[in-house]
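Reading through the structure tokens given below for one structure.
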Ligand code: ATP
Ligand code: MG
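Residue numbers (this note's numbering): 53 to 480.
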């Protein structure tokens, strides 16, 4: 026997029985973005490596060890996108979308990071991402957060907690950075290898360390929120005011720094206590310097990304995944004449009843085995066509989910009868 080819570690198949929850999440997100006036943008999954190095930052986990980077056949270094923001900014600049314009956009799709695969952490995962460009004030920060809260509400997800922080401006961060370096330098023994290396390049990222042994030394470090520049402090206070007024609960978490370099001022993260250690389901922040850093005009930006795998898992855990779509009608075909007529009759029903799920038996089989398939399909009615029915121009209609007698309906009236029996379909 020929050996089968295994899938790539950390990359998942979403099977037919599982895709309902994904579709539900994506439909809710799409609808919500439209309600807020955000428009979809679709981008390549492959970009020049330089784009991610320059935006995410050389000293980050992603760029240092998680990117899928390779040379293409033309010798260019390209990378499978590890996140969406850089590509969106690149596309906005490439297409002149930020010249005298503001943009509110969203995007969804697969991202790639070479991480250690575990529950909730994969090498190909999916994000739904939203970004706003050209809005300096905290109103859009609040809008973006409210939009995420609305998505949780629509999905029926309760108990997500919002962590909020401000990173100030690059200038105020510089002063804070020096204090931080001084603090950690006096405690070199307590730092792990990664953190020692970051001390020179990117000391703020030490605060983001996931190493439990570092927890204590991090807890004692000076707080960025105590050293904000006045404008950032005001921006942060106004954002908190907007959230208070809108009734969105949050916790100010001064240790929240986020894994990417490009953030400024507002950063936030929605976390859950239901998924173990992979607890962040949605995170984002403001990146006022990024567009210019990537060669565009000095346009402020802010956005967030939610992790679809983690939200889908929550939906599954809380039994909010939605029912798997079942057939409404299953067509059973017995005999040559019925088989010859079957496709046409099924097509006619689909024309007459848009949205109704009509499944036709393919591949023959006895009446008994076809009725078994009809039952497994979840259909509420079986339309049974034998050669005799075809000769008489009728169909037998058998209820599958209730104890009712089988009836006989003229083929000409079949669609009307099914429209009566399976109402409310096809309007969505
Ligand atoms: P984490 O702290 O869990 O590593 P992150 O800070 O790296 O998350 P972002 O880069 O902000 O995450 O991505 C936004 C969201 O994408 C996260 O909140 C999470 O839900 C999801 N996510 C990130 N990395 C993965 C992954 N490897 N597998 C599945 N989901 C992920
Ligand atoms: Mg990460």
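Beta carbons: idealized from backbone N, C-alpha and C, even for Gly.
The ligand ATP never approaches residue 231 closely enough for any of its heavy atoms to be under 8 Å from the residue's Cβ. As DSSP reads the structure, residue 323 sits in a beta bridge with 213 and 332. DSSP places residue 163 in the strand class (E or B) of the three-state scheme. For residue 343, no beta strand (DSSP E) run applies; the uninterrupted alpha helix (DSSP H) run containing it begins and ends at 342–345, by DSSP.
Looking from the CA of residue 315, the closest CA among 293, 338 and 165 belongs to 338. Residue pairing from DSSP leaves residue 258 without any beta-bridge partner. For residue 181, the CB contacts under 6 Å within the same chain, skipping 5 residues up- and downstream, are 136, 159 and 357 in chain order. Under a 10 Å Cβ-count criterion, residue 355 is classified as buried, with 16 or more other Cβ atoms of the shown protein chains found around its own Cβ. Counting along the chain, no beta strand (DSSP E) covers residue 236; the unbroken alpha helix (DSSP H) around it starts and ends at 222–237.
At a Cβ-Cβ threshold of 9 Å, residue 145 and residue 157 do not count as neighbours. Counted as a single uninterrupted DSSP element, the alpha helix (DSSP H) harbouring residue 199 occupies residues 190–207. Listed as beta-bridge partners of residue 269 by DSSP are no residues whatsoever. Relative to the ligand ATP, the beta carbon of residue 116 is positioned no closer than 8 Å to any heavy atom. Your pair residue 121 and residue 112 does not check out as a contact, with CB atoms roughly 14 Å apart and the cut at 8 Å.
Rounded to the nearest whole angstrom, the C-alpha separation of residue 343 and residue 472 is 57 Å. Contact between residue 178 and residue 360 holds: CB atoms are separated by about 4 Å, below the 8 Å threshold. Under the 8 Å Cβ criterion, the segment 377–396 counts as touching the segment 432–445, having at least three qualifying pairs. Here DSSP, grouped into helix, strand and coil, assigns residue 294 to helix. Of the residues assessed, residue 93 falls on the buried side of the cut-off, its CB having 16 or more other CB atoms within 10 angstroms. Close CB contacts of residue 281 within its chain, under the 8 Å cut and outside five residues either way in sequence, are with 220, 221, 223 and 224 (chain order).
Rounded to whole angstroms, the separation of the alpha carbons of residue 153 and residue 91 is 14 Å. Distances taken from the Cβ of residue 168 to the heavy atoms of the ligand MG include none shorter than 8 Å.
As the crow flies, the alpha-carbon of residue 285 is around 58 Å from that of residue 474.
Annotation for residue 357: the continuous beta strand (DSSP E) segment containing it runs 353–359. With a threshold of 8 Å, the Cβ atom of residue 334 counts as near the ligand ATP, since some heavy atom of the ligand is closer than that. Check the Cα spacing between residue 204 and each of 445, 126 and 363: the tightest is with 363. From the listed residues 126, 143, 119 and 125, the smallest Cα separation to residue 133 is found for 119. When the Cα atoms are used, residue 460 and residue 452 turn out to be separated by approximately 15 Å. Between the alpha carbons of residue 71 and residue 419 lies a gap of roughly 31 Å. Assignment of beta-bridge partners to residue 179 by DSSP yields 161 and 359. For residue 165, the Cβ falls inside the 8 Å cut-off from some heavy atom of the ligand MG. Under the three-state reduction of DSSP output, residue 451 falls in the strand class.
Straight-line spacing of the CA atoms in residue 296 and residue 195 works out to 13 Å. For a cut-off of 8 Å, the C-beta gap from residue 237 to residue 251 is around 7 Å, short enough to register as a contact. Straight across, the Cα-Cα distance linking residue 242 with residue 231 is about 17 Å.
A straight-line Cα-Cα distance of about 9 Å links residue 326 and residue 211.
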